[in-house]
Structure formats: C-alpha cells, structure tokens
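Numbers in the working numbering are just positions in the sequence shown, counted from 1, shifted up by 74. We put the beta carbon where it would ideally sit given N, CA and C, even for glycine. Structure record follows, encoded as structure tokens.
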Amino acid sequence: MEKRIHNFSAGPSTLPLEVLHQVQKDLVSYKGLGLSVMEMSHRSKEYGEIINAARENARKIYGLGDDWEVLFLQGGASTQFLMVAMNLCPDDKVANYINTGTWATNAYKEAIKIGKKTHLAATSEADGFAYIPREFTLSENPAYLHITHNNTIRGTEYHWTPEVPAGVPLIADMSSNFMSRPVDIEKYDMVYAGAQKNVGPAGCTVVLIKKEFAAKLPGGLPTMLDYKTHIAKESMFNTPPAFAIYVIGEVFKWILEQGGIDSIKESNLAKANLIYDVIDNSNGFYTGSVTDKESRSLMNITFLLPSDELSKKFIAEAAANDLNGLKGHRSVGGCRASVYNACPYESAHALAEFMKKFMAENK
Ligand code: PMP
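This is the structure we're talking about:
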C-alpha cells in the first residue's frame, strides 16, 4: 500500500482513493482500448460516453433535470468572475454582489474592471469577514445577485439561500463546497465551481446553468468567453480539458456510490463536528475565526491558537505526524483544516486527537 498523508490542503486537495486507483488502472489502456484518455480524441465515441456520463451524473447528484446545462470550462473559477459579469450584466443593469472575503471581492472587482455598473448589496468586511451577512439591499435594476457560497479563506459558508425578488437571477460561486451537501440549485440560475477542491483535479471549472436563463442572454461576446458558445457545442467548441473531465466523472460516480449527496453531507457533518467540538471545548485555547456559528463552513475550518509561535509549532508538529496542509491562507494566518468530500473520516479523527494532545502539552 502506498503512503497516504492526512491531507487538509485547501485545493488542489485530496481525491477519493478509489478514484485514484481507478485512474491508475485506466491510465495506460482505458478499458483495454490500448490508449489513455489523455491520448484519445475528444470527438471519439469513447470520449463522448465519458463526458455525457459526467454531465448526466452531475445532474443526478443535485437532482436536476435536463433543463440544466452542465458545462466543463477552463480558466478556473477566476475566469467565471469575468464571464458572469460579461455575459449576465447588460450595460443598462447593475451587477450586485455580497462581499464575504477574498474570492467574493475578486468577483466584484472583476465586474468593476470591465466597466459594469456594480453595487455591493452587503459586506462583512468591517468585521474581518467573520460571518455571512443575512441582510442585503439590492440596487435598482439588478442584473443579478452574486454570492460566494463557501469562503475558502475565512471559513464561512451559506447554510441558507438569500431570498431574491422574482426575476433577479441568483448566481453562486460554489468552488469550495460544490456537491458537499444538498442545496436547492433550482433557486439559482447559475452556479460554478473550480473542480480542484471537491470534485477533481485542477484545470476544469464546472458550470451549471439553467437553459431557459441562458437562452435569454444576448450573447455576441468574444467566442471563448460567451456561455452561448459552450452551451451550443456542449463544452466541445474547442478541445476541452479532457483528462480532468474524465477524473471529475469518476468523482461523480464515487459520490453516487457513496449514496449520493445526502450521504456525503452526513459524512461531511461528522468530520466537521469532530474538529469544531475540539475548538468549542478547548476553553479558548483554539478560537474559531468565524464569529457566527451559523456561518461556519463544513469544508474549511479556520482557527487560531493563543500566539503565532504556537500556531507555527502546531503546524510543524502536525506535519511531523503526517497531518498536512493546516497553515491558514497567507492573507489571514492562523490554521485551516479543509475537510472536503474526499477527506476520510479517519483523517478528521486523527486531527481532532492531535489537537487535543497538542492542547494538553502546550496550554
Ligand atoms: N472562488 C473560491 C471560493 C475559491 O476558493 C477559489 C480558489 N481557491 C477561487 C474562486 C479561484 O479559483 P481558481 O483558482 O480556479 O481560479
């Protein structure tokens, strides 16, 4: 058996071991065909089956019908910041954003950068983005409201859906909690996620977009930046990130084999609770960075120790025990444990036990 560390990296992050083994098995000769998926034409029958299955399974996981388009795009979630503003905000309307930290800020700034009229409907910046605002005020004539469903750096997550007036599209960046628990996707017109946290390797961004909504978009944009191009050609206008899509498809199958998104949620809750319980029962030795418990992320658990020195010691000793990737994002410091779908319960358990031991030795 190969060595596997406990991997708490924020992304790219741990993939299901079963998927890695399947990919390894398929690598040189996919299904005995004598070539790798990396070497296969994306126009071949075999590849068509791979991408179609991935598309179908994405819908199945969220219980969506084929009135939803599933796109596999390139350029990361960061390109979606641009595409959302370009495609969804006509010049006579206003792009609305809720700012909950770095990635939300970047999405908002991108709309400003390309000259769109913008409005901050809410922000938790004054409180260090330590919670998700519940109240928000839309501008006149809103093109959409954009939210960041899970804030990878701060460790906050929407556990509710913002109520928008009828006719105002709700758009979500779900990069770091995609397919981690049931969400009523029907309340959104579009969601997107860089694959490299919950559903695959880097290099592909999954976009779910309501067909009816997409059909009303004006289009006419630069080809690769126009959703209409990718919808019309089913993500095959040009060569798609073929190998990444194949791995994503294997992860989708794995999610379904686990019992689907309800089971995935149970497992994610159990893992997150193990770690939050240690934080909450530590008499302040560990402090959760998120002030509002209802905004706590199940995916990225952010916490501080009593001093920077102790944080450094914690991260170093954890790494020596094969507990890896616990350093907080460079912009905020502290510690962060990312416990995405594929992070095994045993890893979360090992971390919780290590945290208790470290506390006993250092308080
Ligand atoms: N949104 C969120 C919530 C993220 O966590 C990240 C990456 N960490 C991004 C967007 C940017 O994604 P990408 O690197 O795929 O452009």
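Assuming residue i and residue j form a contact by the criterion Cβ under 8 Å, report the distance between their Cβ atoms to the nearest whole angstrom.
i	j	result
residue 352	residue 429	5 Å
residue 81	residue 355	Rounded, the Cβ-Cβ distance is 25 Å, inconsistent with contact.
residue 283	residue 298	So it is not a contact: roughly 16 Å between Cβ atoms.
residue 393	residue 375	About 17 Å separates the two Cβ atoms, so there is no contact after all.
residue 89	residue 325	7 Å
residue 197	residue 225	Between residue 225 and residue 197 the Cβ distance is about 12 Å, and since that is not below 8 Å, they are no contact.
residue 235	residue 261	5 Å
residue 255	residue 339	4 Å
residue 126	residue 301	About 20 Å; that fails the 8 Å criterion.
residue 214	residue 242	Their Cβ separation, rounded to whole angstroms, is 12 Å, which puts residue 214 and residue 242 out of contact at 8 Å.
residue 384	residue 408	Incorrect: roughly 11 Å between the Cβ atoms, too far for contact.
residue 124	residue 175	Their Cβ separation, rounded to whole angstroms, is 35 Å, which puts residue 124 and residue 175 out of contact at 8 Å.
If we ignore side chains and look at the alpha-carbon of each, how far apart do residue i and residue j end up?
i	j	result
residue 286	residue 247	20 Å
residue 310	residue 279	14 Å
residue 103	residue 111	8 Å
residue 432	residue 396	15 Å
residue 239	residue 191	20 Å
residue 281	residue 357	42 Å
residue 402	residue 388	12 Å
residue 106	residue 77	28 Å
residue 289	residue 244	16 Å
residue 79	residue 295	45 Å
residue 293	residue 163	11 Å
residue 334	residue 137	10 Å
For residue i, is the classification buried or exposed, using 16 other Cβ atoms within 10 angstroms of its Cβ as the cut-off for buried?
i	result
residue 305	buried
residue 177	buried
residue 370	buried
residue 69	The structure shown does not extend to residue 69, since the chain is modelled only from 75 to 437, so the question has no answer here.
residue 312	exposed
residue 170	buried
residue 381	exposed
residue 360	buried
residue 342	buried
residue 363	buried
Which of the three DSSP states, helix, strand or coil, is assigned to residue i?
i	result
residue 324	helix
residue 180	helix
residue 410	strand
residue 401	strand
residue 378	strand
residue 157	helix
residue 280	strand
residue 222	strand
residue 228	coil
residue 271	coil
residue 80	strand
residue 455	Outside the shown range of the chain (75 to 437) lies residue 455, about which nothing can therefore be said.
residue 354	helix
residue 346	helix
Does the region 223-235 touch the region 249-260, meaning 3 or more C-beta pairs lie closer than 8 Å? yes
Is there contact here, the region 127-137 with the region 149-157, by at least three beta-carbon pairs under 8 Å? no
Would you be able to state if there are at least three C-beta pairs under 8 Å between the region 167-181 and the region 313-332? Contact between the region 313-332 and the region 167-181 is absent, because fewer than three Cβ pairs lie under 8 Å.
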